[in-house]
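To keep things clear, I will list the structure first and then write my remarks on it.
Chains as they are written, first to last, in my numbering: chain A, 3 to 391; chain B, 3 to 391.
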């Protein structure tokens, strides 16, 4: 799989160091694994990065030391990475390492460090080292919002592959299959399409189940007259892409066509509203207003989109001005505060309006877009016609 | 999929309430999703439980309200569950709810609540409500260590299914396939075997790659003379099972047979050491001593096993007395403190010794065991002979 070139990693380090200086910090402890990957190309499951003005200390255990050594001298080597091997526990290694930075003001990631680990670290730092731990909020995440050239290339490729998978899925889905069978077939095609894994649990929601934006696929069979929401994504070279289409089993009823047309208009209007300098709230409003005009304001309870990257749900959140729960944000509890409102070139996010009518069903149409200097590129490319299967 | 019966949930609530009384707490805020599932059968991605002496408040958003309503009156209904619907953000809803418990001492899960969310909650609680937030450590996890009858039945069924998948895998694997192809085939069979998803990223590590306990499957082809480590698991009815076998491609060399025999002896000795009242450290020592006798002490760098349940790595940790990193514990940073040492009936964990020799390769053999009143049940059941393929 492609990995970020060393000079790209260097630029990412420089951006974070610049921010640390502005915050008056001597170092940043990075405990979020997606942030560790962003800074180092490390795809293992356990590591901590300590970034200082001139060093990158990489805390990991024996399982990964050999894997990192093998990247030495390759084009994707993390520059200036120094391995600090864990002997007993990660946090003991980290505490010893911080003690070697006497008097330092050390930022930690308040979104990712638990209260338990923080308390332990505070208690373990030697008094004489006078290291102070300072909470920070989203330092690396802020850099990740704007994708660099490597990331854009990967997300483009992932979206092309996902579109290919979607076309196969739309051709293969048949009445009589259970939701669970269709979901398993989608997951197979994702793997066949070169994805490392599904980006989230695949959603296949048929008939009335479509009214639940996050239905889990079950034993219900796809039945004449159903609308079926198919929402799936893949991880390609560690980056997530995400797509939804809604199909009709057999000829669609007038009400289904009406709701579908309203959601499609919302989708198209939201994409048309994407341009550098536009507020993310205005993009959401473009979708919401279209549904409102068709009397479906109440049926659209989630946000219009979410950022894509190493996480399947990241900034920017395309939502109402008031923070709300995006359809698929699994960790939205503390998010949505203190963010810039304008979208800018290099941002990649979903546009996924929907309408959910209890007892009847639902429609969602989702594509992935990139903000460019000129406006917007739609990265996914699959028909948005209402297919009758 | 089977779900815990209502009376099982009631007993779990009672056990936690008993512990809260002992801790002098009026309520516990549960933010860990596996803990929420344990207390309510909820398998969605976002919710918070507030358990008081006589209430179970369930905070979730519109996506899940309908799904919960559908469980009303079923055998798996969560008793006395009161839905608190999120309007804007989870933590705002939680803060408002806690403000309605004036003067309460409210425990939170220090292992799971981030510093950022904790700070926000502290700042948001109204001064006049005088709610105090008290860190707790592993209250629900401590209950989860001992599986109840429902959980044991599920884990037994999962282990039977996983053994069946393993037998298929061992028959199907062929020289010339790439690690990635074999991993994809394993994942397909897991789904075909009734698992909801793989319990972790499947490991297929061939030849020298076997020296990395957590190798990621790559483009290397299975080659004559390789040992190949196959480590995979599945999630069945929300519970994780986990199994490893190591096979030889073609006739095995004498060194391969030696190392394999040593690891198998370690595996068998560790299982023989499992009994109620035995220390988890002694079980680990049984495996470690066997490898030491064969000169492989240095080649076994990880712990002998980890608990299985809703999480694929939970207590008990079968490790050296000094806390160390189990082979597959992805979140081991703060664990290993303040735990009872003795294993007892109802505990389910892996036994997975290995030997890893840089440049040469590795061997790991893993089964899942249940501690019973009489001793031990091995739940997985697949040959431990060195298969030559």
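All C-beta atoms, glycine included, are put in the ideal place defined by N, C-alpha and C.
May I ask which residues mark the beginning and end of the alpha helix (DSSP H) holding residue i?
i	result
residue 13/B	8-24
residue 35/A	35-42
Per DSSP, which one or two residues make a beta bridge with residue i?
i	result
residue 199/A	237/A
residue 137/A	110/A
residue 379/B	372/B
residue 55/B	BP columns for residue 55/B are empty, so no partner.
residue 60/A	51/A, 85/A
residue 30/B	53/B, 109/B
residue 344/B	281/B
residue 223/B	180/B
residue 390/B	250/B
residue 311/B	None; residue 311/B has no bridge partner.
Between which two residues does the beta strand (DSSP E) carrying residue i extend?
i	result
residue 447/A	With chain A represented from 3 up to 391, any question about residue 447/A goes unanswered, as that position is not in the structure.
residue 357/A	356-359
residue 319/A	316-320
residue 352/B	350-353
Can you tell me which of the options puts its alpha carbon nearest to the alpha carbon of residue i?
i	options	result
residue 316/B	275/B, 294/B, 244/B, 119/B	244/B
residue 195/B	202/B, 224/B, 221/B, 160/B	160/B
residue 114/B	129/B, 122/B, 158/B, 137/B	137/B
residue 35/A	373/A, 233/A, 51/A	51/A
residue 139/B	25/B, 124/B, 59/B, 232/B	25/B
residue 183/B	70/B, 224/B, 170/B, 197/B	224/B
residue 383/B	59/B, 322/B, 167/B	167/B
residue 103/A	128/A, 294/A, 148/A	128/A
residue 10/B	314/B, 112/B, 150/B, 33/B	150/B
residue 230/A	298/A, 361/A, 131/A, 205/A	205/A
residue 285/A	91/A, 192/A, 44/A, 322/A	322/A
residue 4/B	198/B, 81/B, 189/B	198/B
residue 233/B	364/B, 179/B, 122/B	364/B
residue 30/B	314/B, 112/B, 122/B	112/B
residue 237/B	48/B, 213/B, 248/B, 314/B	314/B
residue 177/A	152/A, 41/A, 222/A	222/A
residue 226/A	60/A, 180/A, 320/A, 252/A	252/A
residue 324/B	298/B, 358/B, 283/B	283/B
residue 157/B	352/B, 142/B, 301/B	352/B
residue 371/B	310/B, 71/B, 47/B	310/B
residue 362/A	209/A, 376/A, 241/A	209/A
residue 385/B	247/B, 343/B, 92/B	247/B
residue 143/A	318/A, 375/A, 347/A	318/A
residue 265/B	296/B, 280/B, 255/B, 256/B	296/B
residue 98/B	122/B, 76/B, 81/B, 82/B	122/B
residue 213/A	279/A, 261/A, 62/A	261/A
Can you round the beta-carbon distance between residue i and residue j to whole angstroms, since I take them to be within the 8 Å contact cut?
i	j	result
residue 185/B	residue 215/B	Going by Cβ atoms, the distance from residue 185/B to residue 215/B rounds to 16 Å, so no, they are not a contact pair.
residue 391/A	residue 165/A	The pair is not a contact, with the Cβ atoms about 18 Å apart (cut-off 8 Å).
residue 306/A	residue 354/A	7 Å
residue 13/A	residue 53/A	That belief does not hold up - the Cβ atoms of residue 13/A and residue 53/A are roughly 14 Å apart, past 8 Å.
residue 84/A	residue 57/A	6 Å
residue 108/A	residue 133/A	6 Å
residue 312/A	residue 39/A	6 Å
residue 303/A	residue 202/B	About 33 Å; that fails the 8 Å criterion.
residue 299/A	residue 288/A	Not quite, the Cβ-Cβ distance comes to about 14 Å (not below 8 Å), so this is no contact.
residue 68/B	residue 60/B	No, residue 68/B and residue 60/B are not in contact; Cβ-Cβ is about 14 Å, not under 8 Å.
residue 8/B	residue 78/B	7 Å
residue 241/A	residue 181/A	That belief does not hold up - the Cβ atoms of residue 241/A and residue 181/A are roughly 27 Å apart, past 8 Å.
Does the distance between the C-beta of residue i and the nearest non-hydrogen atom of the ligand COA fall short of 8 Å?
i	result
residue 180/B	The ligand COA is absent from the structure shown, which contains no ligand whatsoever.
Please report whether the beta-carbon of residue i lies at a distance below 9 Å from any beta-carbon of chain E.
i	result
residue 101/B	In the structure shown, chain E does not exist; the protein chains are A and B.
Whole runs of the beta strand (DSSP E) within the segment 228-307 of chain A, excluding any shorter than 3 residues: 229-238, 241-250
Within the segment 73-119 of chain B, ranges of the beta strand (DSSP E) (whole runs, at least 3 residues): 83-87, 107-111
Contained beta strand (DSSP E) runs [length at least 3] in the segment 154-212 of chain B, N- to C-terminal order: For the segment 154-212 of chain B, the continuous beta strand (DSSP E) assignments of 3+ residues that do not extend past its boundaries occur at 205-208, in sequence order.
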